[in-house]
Amino acid sequence: MAEKYWNPQIETAPLHEMKALQSYRLSAKIREVYEKVPHYRKKMDEAGVKPEDIRSVEDLHLLPFTSKQDLRDTYPYGMFARPVEEVVRIHASSGTTGKQTVVGYTDHDIGIWSECTARALTAAGGDKNDFVHVSYGYGLFTGGFGLHCGAELIKATVIPVSVGNTKRQIQIMKDFGSTILCCTPSYALYLGETLEEMGISTDEIHLKAGIFGAEPWTEGMRRTIEKKLGIRAFDIYGLSEVIGPGVAFECSEQTGMHINEDHFIPEIIDPDTGEVLPEGEQGELVFTAITKEALPLMRYRTKDIAVLSRKKCSCGRTLIKLSKPQGRSDDMLIIRGVNVFPSQVESVLLDLGLTAPHYVLIVDRVDNKDRLEIKVEMSGEMFSDAVRHIEETEAVIQRAVESTLGISAKVTLVEPKSLERAEGKSKRVIDNRVYD
Ligand code: DLL
């Protein structure tokens, strides 16, 4: 099938044209925020940078960074560049620690957002004939509304189910003819399991694709979800501060996500020194939002660890590609001095394929030493196996974890369906460490 684009002119633009567009938009936006947002003016003055110094994308590195703390310090609307009367929508990040971060959108910003998720839906094969089943949460979380507005833009039929009531979701999927599912990958997995439990085969539903994001997920998880739901699974990335879902989206090649760089300029920096790293190197992802009106962002540090690539993509898009983010630097565990991301454990488990794809990492401090336990669910068949076989499987996983991650861990197989299922973002880590 020929690749479809929502906005071919932008999505396949030659690099020099994209850079020219970015430079034009960037310098205009910096002039605007310097004038309208006291916080940015102060930071630029402190850094000795004037708006006229920013003439092109090459000058981006001169600007100071922005962090979640800046948004908290100016809570709720202090970083808005437009008066609140012009703001037509508010969302907020979940904020498990400290104050929530509040984000605002003008009418024009909602238009940009719809355009971004319309590109994602089109890249996943969506068009006006599709039924887009949105099981991301609606509310202050950006997932539900973000995919919803893009689905309306492409004139698909939106089914705004939101999260929860999983059996009912499946009934709706079957009866209403949902063709594209949008939810977190962990919820997609749960929906797949529930489908099996209800004795419904993938031939009885009409799903062809899924657009999954809001949390890290591995290639192994992609294969599992694709099989369980009988679909192609596409990744989508975003964060509320930048706009929500649709900052970057996957195409038919399924090897990373194209960034909507006409709106969001990405950089990868060394998280310790702040130095910009060359293309291809892993580091912290930083975004500058150059078109948003209510909340333009200057060099926002996402804390997500990823890689950028301008390698030619078979889909024909020229938009720069983002590797699957490995996780947030916040979620990275340091166990006995070794850096561990939960997604690395997921890769090991799914590559081995001996268990169900559900796991949780529990870290404790015993006798002044870190101890990692990985609880993994057995599959239904395994549960009835001899104890000896279960112990052997635990030992196999333990060895694989040790050789891949370089740390020892206790592996415990637990009963099927005993670990909590996530409807939104999953919680993979319980860190009980207390330091004396
Ligand atoms: O999670 C926006 C979103 C909704 C994205 C639906 C995709 C789909 P926040 O709640 O602000 O926004 O969380 C943003 O989630 O910094 C990443 O750490 C993580 N994240 C988002 N998408 C992905 C992804 C939404 N595809 C934070 N892969 C980001 C890995 C992701 N991590």
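This note's numbering numbers the first residue of the sequence shown as 574 and each following residue consecutively.
Think of the CB as a built atom: it goes at the ideal place given N, C-alpha and C, for glycine as much as any other residue.
Since this is a predicted model, take the numbers as computed values, not measurements.
Hey, quick one: how far does the beta strand (DSSP E) through E688 stretch, first residue to last?
Taking the first residue of the sequence shown as 1, we reach residue 688 at position 115. Counting along the chain, E688 falls outside any beta strand (DSSP E), though it belongs to the alpha helix (DSSP H) covering D680 to A696.
Classification of D680 by the beta-carbon crowding that lies within 10 angstroms, buried from 16 upward
In the sequence shown, residue 680 corresponds to position 107, counting from 1. It is exposed - the Cβ of D680 has fewer than 16 other Cβ atoms within 10 Å.
So, under 8 Å CB-CB, L870 and A862 are touching, yes? Tell me the CB distance rounded to an integer number of Å.
For the purposes of this step, residue 870 is taken as the residue at position 297 of the sequence shown. For the purposes of this step, residue 862 is taken as the residue at position 289 of the sequence shown. With 8 Å as the limit, L870 and A862 qualify as a contact, their Cβ atoms being about 4 Å apart.
Tell me the rounded alpha-carbon separation between E631 and A968.
Locating residue 631 in the sequence shown gives position 58, counting from the first residue. Locating residue 968 in the sequence shown gives position 395, counting from the first residue. Whole-angstrom Cα-Cα distance: 52 Å.
DSSP has I878 in a bridge; who is on the other side?
Within the sequence shown, the letter at position 305 stands for residue 878. Looking at the DSSP assignment, I878 forms a beta bridge with E857 and G900.
Could you tell me whether the region 582-594 touches the region 702-715, using the rule of 3 or more Cβ pairs below 8 Å?
The region 582-594, when compared against the region 702-715, does not touch it at the 8 Å Cβ threshold.
Residues in the same chain with beta-carbon distance under 7 Å from K740, minus the five sequence neighbours each way, listed in chain order, please.
To locate residue 740, count along the sequence shown from 1; it is residue 167. Here K740 has T767 and M771 as same chain residues with Cβ atoms under 7 Å from its own Cβ, once five neighbours each way along the sequence are excluded.
Contact check, E826 vs C888 under 8 Å by CB: the rounded distance?
Looking up residue 826 in the sequence shown gives position 253. Looking up residue 888 in the sequence shown gives position 315. Confirmed, Cβ separation roughly 5 Å.
Any idea which residues DSSP pairs A995 with across the strands?
The residue labelled residue 995 in the question sits at position 422 within the sequence shown. Paired residues: none, contrary to the question.
Within the region 751-801, note down every full alpha helix (DSSP H) run reaching 4 residues or more, in order along the chain.
758-770
Consult DSSP for Y578 and reduce its assignment to one of helix, strand or coil.
For this step, residue 578 is matched to residue 5 along the sequence shown. Coil, per DSSP.
Beta-carbon within less than 6 Å of V820's beta-carbon, same chain only, minus the 5 sequence neighbours each way: which residues are those?
Counted from its first residue, the sequence shown places residue 820 at position 247. Around V820: Y810, G811 and F837.
Leaving out five residues on either side along the sequence, give the residues of the same chain with a beta carbon under 7 Å from the beta carbon of W527.
The structure shown does not extend to residue 527, since the chain is modelled only from 574 to 1009, so the question has no answer here.
Assigned exposure category for K1010 - 16 Cβ within 10 Å defines buried:
A question about residue 1010 goes unanswered here, because the residues of the chain that appear run from 574 up to 1009.
Cβ-based neighbour list, G765, same chain, cut-off 7 Å, excluding 5 preceding and 5 following:
Here residue 765 refers to the residue found at position 192 of the sequence shown. Once the five neighbours on either side are set aside, the close Cβ partners of G765 are I798, K801 and L802.
How would you label P839, buried or exposed, when you count the other beta carbons within 10 angstroms and need 16 or more for buried?
Mapped onto the sequence shown, residue 839 falls at position 266. Buried: at least 16 other Cβ atoms inside 10 Å.
Limits of the unbroken alpha helix (DSSP H) element including D646
Stepping through the sequence shown from its first residue, residue 646 is reached at position 73. K641 to D646 is the extent of the alpha helix (DSSP H) around D646.
Simplified DSSP state of H931, which is helix, strand or coil
For the purposes of this step, residue 931 is identified with residue 358 of the sequence shown, where counting begins at 1. Coil at H931, not helix or strand.
Go through its chain and collect everything with a Cβ distance to F807's Cβ below 6 Å, but skip five positions before and after it.
On the sequence shown, residue 807 is found 234 positions in, with the first residue counted as 1. Closer than 6 Å at Cβ, skipping near neighbours: A697, I784 and E823.
Evaluate I1003 with the Cβ neighbour count: other Cβ atoms within 10 Å of its Cβ, from every protein chain shown; 16 or more gives buried, anything less gives exposed.
Position 430 of the sequence shown holds residue 1003. The residue in question, I1003, is exposed, as its Cβ has fewer than 16 Cβ neighbours within 10 Å.
Y873 versus D943 - alpha carbon distance
Walking along the sequence shown from the start, residue 873 turns up at place 300. Walking along the sequence shown from the start, residue 943 turns up at place 370. Cα to Cα, Y873 sits roughly 33 Å from D943.
Closer than 6 Å to a non-hydrogen atom of ligand 1 - does that hold for the CB of L754?
Position 181 of the sequence shown, counting from 1, holds the residue named residue 754. It does not: the Cβ of L754 is nowhere closer than 6 Å to a heavy atom of ligand 1.
Looking at the secondary structure, which residues open and close the beta strand (DSSP E) in which L812 lies?
Stepping through the sequence shown from its first residue, residue 812 is reached at position 239. Unbroken beta strand (DSSP E) run through L812: R805 to L812.
Please look up how many angstroms separate the CB atoms of S751 and L780, rounded, as I've assumed it's under 8 Å.
As a first step, residue 751 is located in the sequence shown; it is residue number 178 there, counting from the start. As a first step, residue 780 is located in the sequence shown; it is residue number 207 there, counting from the start. Between S751 and L780 a beta carbon distance of about 6 Å is seen, short of the 8 Å cut, so the two are scored as contacting.
Return the residue from the list I743, K701 and I663 that minimises the CA-CA distance to E814.
Numbered from 1 along the sequence shown, position 241 holds the residue referred to as residue 814. Minimum Cα distance to E814 is reached at I663.
In this structure, how does DSSP classify E823 when only helix, strand and coil are distinguished?
Translated into positions along the sequence shown, residue 823 becomes position 250. Three-state result, E823: strand.
In the structure shown, what three-state DSSP assignment does M951 receive?
Start at 1 with the first residue of the sequence shown, and residue 951 comes out as number 378. M951: coil per DSSP, three-state reduction.
May I ask which residues mark the beginning and end of the alpha helix (DSSP H) holding L1083?
This structure cannot speak to residue 1083, because the chain is shown only from 574 to 1009.
Per DSSP, what kind of secondary structure is T828 in: helix, strand or coil?
As a first step, residue 828 must be located in the sequence shown, where it is residue number 255. Coil, per DSSP.
What three-state label does DSSP hand P989 in the structure shown?
Here residue 989 is taken as the residue at index 416 of the sequence shown, counted from 1. The answer is coil: DSSP assigns P989 none of H, G, I, E or B.
Output needed for R796: all residues of its chain with C-beta closer than 8 Å, excluding positions within five of it in sequence on either side, in chain order.
As a working note, residue 796 is residue 223 in the sequence shown. Cβ within range, chain order: L923.
Going by beta carbon distance, what residues of the same chain come within less than 6 Å of S896, once the five residues before and after it are set aside?
As a position in the sequence shown, residue 896 is number 323, starting the count at 1. Within the same chain, S896 has close Cβ partners G829, A879 and V880.
Out of A761, G677, A691 and G817, which has the shortest C-alpha to C-alpha gap to E659?
By 1-based counting over the sequence shown, the position of residue 659 is 86. It is G677 whose Cα lies nearest to the Cα of E659.
Restricting to Cα atoms, I'd like to know which of T864, V933 and V859 is closest to E605.
On the sequence shown, residue 605 is found 32 positions in, with the first residue counted as 1. It is T864.
Which of the three DSSP states is assigned to Y873 in this structure?
Position 300 of the sequence shown, counting from 1, holds the residue named residue 873. Of the three classes helix, strand and coil, the one that applies to Y873 here is strand, per DSSP.
State the beta-bridge partners of E840 as determined by DSSP.
Position 267 of the sequence shown, counted from the first residue, corresponds to residue 840. Beta-bridge pairing links E840 to V859.
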